[in-house]
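Numbering (my numbering), first residue to last: 2 to 596. Read through the structure below, which is laid out as structure tokens, and then see the notes.
Spelled out as structure tokens, the structure:
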């Protein structure tokens with residue numbers, strides 16, 4: 002048995018674990034990732050990458066490789082409800098309603114204002130190979146698929162003896178390796194590390210069961226492209242209602258692979274012929290040629306880890322939170338967990354930050370996880386209510402009235418027009434799921450590695466569809482385009498991908514240059530100053546005047562930004578002792594002193 006010593010062990014090589022590996026490599030942290038599977042996911046799984054996640058990928062040099070095979074908002078930026086895909090009846094293939102979603106259509110302007118990159122659609126079976134390639138390239142020999150965690154022991158205490166000892170086994174040969182690490186990241190969907198340490202998952206572990214069929218077929222003759230998901234509300238049989246999702250690799254009418262959420266009541270999912278028959282029945286294509294790749298039955302949960310940190314172990318992704326897929330917050334939250342944690346581990350391991358900085362991972366990310374879980378639960382419950390109420394169905398409608406309700410809905414009469422107008426207003430409330438830009442991007446850290454300034458947060462839209470950028474500590478740095486030497490870049494680009502901090506000031510903020518130099522020397526942490534404005538004092542030009550509108554400081558104030566692009570502290574105007582104020586703020590943020 003060999004022994005490997007490494008600062009960080011990552012258990013799990015799905016989306017969150019591979020992202021954590023890439024981020025740690027970017028911060029110069031040596032680590033080992035182990036994954037029990039021999040390869041990345043064979044199933045599509047999550048497929049929507051929200052704007053915040055794509056911004057994180059952009060920061061770490063991943064966005065172009067992810068966006069290459071992905072669909073753009075122009076290709077998926079609608080949500081559609083239909084009766085059926087096709088059929089011979091007068092109610093078949095009818096569009097009940099469609100609306101813009103996820104940065105598409107009329108939403109594009111708001112998304113472009115919110116960030117330098119747009120959302121993307123790429124299922125995990127195509128995303129994970131991209132992440133794996135980058136993880137392996139950036140950490141040669143440090144990414145081991147086909148290796149499983151056998152045991153985990155936490156060595157408590159302070160000093161050199163503290164850490165984690167893990168036994169890892171190669172699944173093909175049975176060879177074992179002892180890994181001694183200072184910290185472990187659990188990105189294993191809650192299978193091993195959390196249970197081994199006694200971390201409980203709180204909430205509802207089994208809301209309902211769902212079934213997804215993954216298959217290949219040519220649907221170009223019947224498919225209407227442009228939606229992230231198309232829901233089928235069968236006008237004849239409620240047991241045939243379903244949802245169909247493009248899974249690529251070609252997007253649009255000529256998509257080859259599909260995910261179909263469908264009911265399999267009374268059908269054995271291991272009976273391929275029966276499942277294929279149900280798919281044909283659901284789609285209304287009795288002679289459809291298709292190749293069934295897999296059928297998965299999974300339990301929809303709403304659970305949150307009682308804590309995100311247990312000693313030297315940190316839970317990310319599905320190991321920390323599992324929620325309904327509505328709004329697409331699961332994988333995105335996991336990648337954002339890893340992003341929050343990686344720079345903090347780097348800062349502590351380098352000696353630049355105190356151990357207390359690591360406590361802020363749970364302080365910051367668990368409330369976000371709790372909010373996202375509640376939001377996804379609400380959106381999922383609301384969705385069925387929306388459909389029934391919009392069309393005129395519900396428990397009060399007997400089965401024999403189902404088809405007449407649809408005939409009335411589509412009728413070219415004043416009553417039919419009224420039903421459709423009423424439905425449009427009801428469907429509009431669905432924007433809390435498919436237009437939730439503020440939920441995706443507007444989350445903030447009220448406590449943690451921030452220095453609150455006593456200001457109130459911006460008002461939030463009850464449906465989460467209006468994002469209001471702010472430099473208030475804890476919030477994401479507002480995006481604005483700036484220019485230098487003819488090069489156009491986002492304020493987010495000024496931060497880079499390392500572990501240093503960014504201090505943004507204005508044309509009148511010359512005093513902050515010396516302050517940053519003194520603070521950096523005292524605390525041994527890089528601080529880069531970016532002066533944005535007009536005139537000789539500025540290094541960057543506010544290209545569209547957006548930064549001046551959003552900065553919430555005057556030209557002599559300053560905004561301190563963390564490596565993860567969140568605001569740590571701000572001075573709205575000139576400080577009598579800028580070096581002292583900045584040093585104090587960094588001292589608090591880095592965990593050397595409580596706020």
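Glycine included, each C-beta is placed from N, C-alpha and C at the ideal position. The structure presented is a predicted model; accordingly, all values stated were derived computationally and were not measured.
Look at residue 489 here: in three-state DSSP terms it is strand. In the DSSP assignment, residue 294 falls within the beta strand (DSSP E) that extends over 291-306. The continuous alpha helix (DSSP H) containing residue 410 extends over residues 403-411. When secondary structure is reduced to three states using DSSP, residue 206 falls in the strand class. Inclusion of residue 63 and residue 23 in the CB contact set at 8 Å is warranted, their separation being smaller than that value. Residue 3 counts as exposed, since fewer than 16 other C-beta atoms from the protein chains shown sit within 10 angstroms of its C-beta. Taking C-beta atoms as the reference points, residue 76 and residue 227 count as a pair closer than 8 Å.
DSSP assignment within the region 112-190 yields the following whole beta strand (DSSP E) runs of 3 residues or more, N-terminal first: 144-146, 148-156, 164-171, 177-187. Less than 8 Å separates the beta-carbon of residue 151 from that of residue 170. Taking the CA atoms as reference points, residue 273 sits about 29 Å from residue 323. In the DSSP annotation of this structure, the continuous segment of the beta strand (DSSP E) that includes residue 260 starts and ends at 258-262. By the C-beta density criterion, residue 174 is exposed, having fewer than 16 other C-beta atoms within 10 angstroms. Within the region 528-575, the runs of beta strand (DSSP E) at least 3 residues long that lie entirely inside it are, in chain order, 528-532, 559-562, 568-572. Under the three-pair Cβ rule at 8 Å, the region 65-82 counts as touching the region 94-107.
Taking a contact to require three or more Cβ pairs closer than 8 Å, the region 440-447 and the region 87-98 do not qualify as touching.
The shortest CA-to-CA distance from residue 220 to any of 232, 290, 269 is the one to 290. Burial state of residue 182 is buried, judged by a 10 Å Cβ sphere holding 16 or more other Cβ atoms. Taking residue 214 as the centre and dropping the five residues before and after it, the same chain places the C-beta of 261, 263, 276, 280, 293, 296 closer than 7 Å to its C-beta, in chain order.
For residue 585, the enclosing alpha helix (DSSP H) has its first and last residue at 579-590. Here the alpha carbons of residue 447 and residue 437 stand approximately 20 Å from one another. Residue 67 places its beta carbon 8 Å or farther from that of residue 33. In this structure, DSSP gives residue 211 an extended state, which the three-state scheme calls strand. Counting along the chain, residue 82 sits inside the beta strand (DSSP E) bounded by residues 79-83. DSSP lists 259 as the bridge partner or partners of residue 247. The C-beta separation of residue 10 from residue 180 comes to about 5 Å, placing the pair in contact by the 8 Å criterion. Put simply, of 576, 255, 164, 494 the residue whose alpha carbon is nearest the alpha carbon of residue 566 is 494. Closest option to residue 423, judged by alpha-carbon separation, among 201, 410, 433: 410.
The Cβ atoms of residue 346 and residue 310 do not sit closer than 8 Å to each other. Counting every other CB atom within 10 Å of its CB across the protein chains shown gives residue 365 a total of 16 or more, marking it as buried.
Looking only at 258, 119, 412, 111, the smallest Cα-Cα distance to residue 91 is reached by 412. Below 8 Å, enough C-beta pairs join the region 375-382 and the region 315-333 to call them touching: three or more.
Per DSSP, the continuous alpha helix (DSSP H) segment holding residue 340 begins and ends at 331-350. Assigned with DSSP and collapsed to three states, residue 36 falls in strand. Beta-bridge pairing by DSSP links residue 237 to no other residue.
DSSP places residue 3 inside the beta strand (DSSP E), whose first and last residues are 3-12. If you draw a straight line from the Cα of residue 486 to the Cα of residue 146, it comes to about 45 Å.
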